[in-house]
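Student:
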Amino acid sequence: MTESGDWVGLFSGGKDSSWALYRALEEGLNVTRLLTVHPGEGSDSYMYHVPATHLASLAAESVGIDLVEVTPDDLGAPNATDSGAQGDAELEPLEAALRDLRDELDLAGVTAGAIESEFQTNRIQAMCDRLGIDLFAPLWQEDPRELGEAMLEAGFEIRIVQVAARGLNESWLGRTLDDEALDELTELEERYGVHPLGEGGEFETFVTDGPHMSRPIELTYDTVWEGTRGRIDVTDARLGERKNEK
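Take 1 as the starting number for the sequence shown in the UniProt record's numbering and just add one per residue.
#1: To the nearest angstrom, how far is the alpha carbon of N79 from that of P39?
#2: Please report the residue range of the beta strand (DSSP E) in which T228 lies.
#3: Work out the CA separation of D100 and Q162 for me, nearest whole Å.
#4: Would you identify the three-state DSSP class for R242, choosing helix, strand or coil?
#5: Considering only heavy atoms of the ligand ZN, does any lie closer than 7 Å to the CB of L94?
#6: Which runs of the beta strand (DSSP E), 3 residues or longer, sit entirely within the region 110 to 176?
#7: Taking DSSP's pairing of strands, which residues face W7 in a bridge?
#8: Identify whether D178 lies in helix, strand or coil by the three-state DSSP scheme.
#9: Under 8 Å: do the region 225 to 243 and the region 190 to 199 share three or more Cβ pairs, one atom per stretch?
#10: Less than 8 Å separating the beta-carbons of P196 and R145?
#11: Between which two residues does the beta strand (DSSP E) harbouring V70 extend?
#12: Counting only C-beta atoms, is V163 closer than 8 Å to chain D at any point?
#13: Beta carbon of W7, beta carbon of M151: below 8 Å?
#14: Any idea which residues DSSP pairs V63 with across the strands?
#15: Please state the DSSP three-state secondary structure of L219.
#16: Could you check which residue in G132, V63, H54 has the C-alpha nearest to that of V110?
#17: Any idea what DSSP makes of D16, helix, strand or coil?
#18: Going by DSSP, what residues sit across from T186 in a beta bridge?
#19: Considering only DSSP beta bridges, list what V224 is partnered with.
#20: If I'm right that H212 touches V68 with Cβ under 8 Å, what's the distance once you round it to whole angstroms?
#21: Considering E204, what are the terminal residues of the beta strand (DSSP E) in which it resides?
#22: What does the alpha-carbon distance come out to for the pair Q141 and L25?
#23: With H, G and I counted as helix, E and B as strand and the rest as coil, what does DSSP make of D236?
#24: Quick check on this structure: which residue in F156, G201, D178 has the alpha carbon closest to the alpha carbon of R166?
#25: Buried or exposed for T71, going by 16 or more other Cβ atoms inside 10 Å?
Here's what the structure looks like:
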């Protein structure tokens with residue numbers, strides 16, 4: 001892996017892509033763009049984080065790195081007969097966006113936040129191979145509990161924005177992922193098989209603050225509960241001030 005050249009962070013604003021970006025910056029990688037693909041709220045995507053990706057632009061502003069966005073129209077509606085074909089089709093607009101960026105950057109590689117999903121990681125790696133660039137995936141096959149603890153120790157403030165798993169009720173919506181929540185998720189893993197970091201889609205997150213961000217993000221939201229799953233509906237989002245700032 002080369003540290004020279006320009007890196008692009010595959011970025012949703014969620015904890016995993018944010019941690020990959022943070023670790024890349026810590027490693028001295030020159031991340032000059034963030035790239036968000038918006039599958040569209042309510043979409044079923046095999047490749048992308050879906051909820052609250054419209055907040056990625058605010059997160060990018062706080063991070064201080066230019067954001068490139070691929071809209072739902074760009075993503076299209078893949079006419080796929082199985083998950084593999086749909087995953088391949090979903091990757092096409094991401095690869096096209098990176099090819100465009102390669103015309104203006106000395107593109108060295110991308111960062112990605114996959115933990116255990118071979119479905120996603122194998123496709124992203126194959127895309128990088130086609131483009132002749134590197135992949136930086138610092139979460140890959142790491143212990144999820146240790147990853148969660150590392151995020152909290154680094155100063156990440158993580159908000160749960162969607163849940164869809166047994167054991168996760170409406171009280172989890174909008175909850176901060178802290179040590180107590182990690183303990184409860186470990187118990188839910190033992191009881192129901194819930195992944196401690198939601199790798200199987202059990203829950204989704206948004207990072208409202210971290211050491212790589214200049215200002216925290218303040219959210220106002222309503223909760224939407226649909227019997228066995230739910231989400232927060234953000235009504236307002238803004239950059240706040242540090243507590244020690246006037």
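All residues carry an ideal CB built from backbone N, CA and C; glycine is no exception.
Tutor: Reading from the atomic positions:
#1: Legend: pLDDT at N79 = 48, less than 50; position of this residue unreliable, value from coordinates given subsequently. Their backbone Cα atoms lie some 15 Å apart in a straight line.
#2: Here T228 belongs to no beta strand (DSSP E), and DSSP marks it neither H nor E.
#3: 32 Å
#4: coil
#5: What this structure holds is no ligand at all, so the ligand ZN is not there to describe.
#6: 134 to 136, 157 to 163
#7: V31, G109
#8: coil
#9: no
#10: yes
#11: 66 to 70
#12: Among the chains of the structure shown, chain D does not appear; only one protein chain is present.
#13: no
#14: V63 is not bridged to any residue.
#15: strand
#16: G132
#17: helix
#18: Its beta-bridge partners do not exist; DSSP assigns none.
#19: R231
#20: So it is not a contact: roughly 18 Å between Cβ atoms.
#21: 203 to 209
#22: 20 Å
#23: strand
#24: G201
#25: exposed
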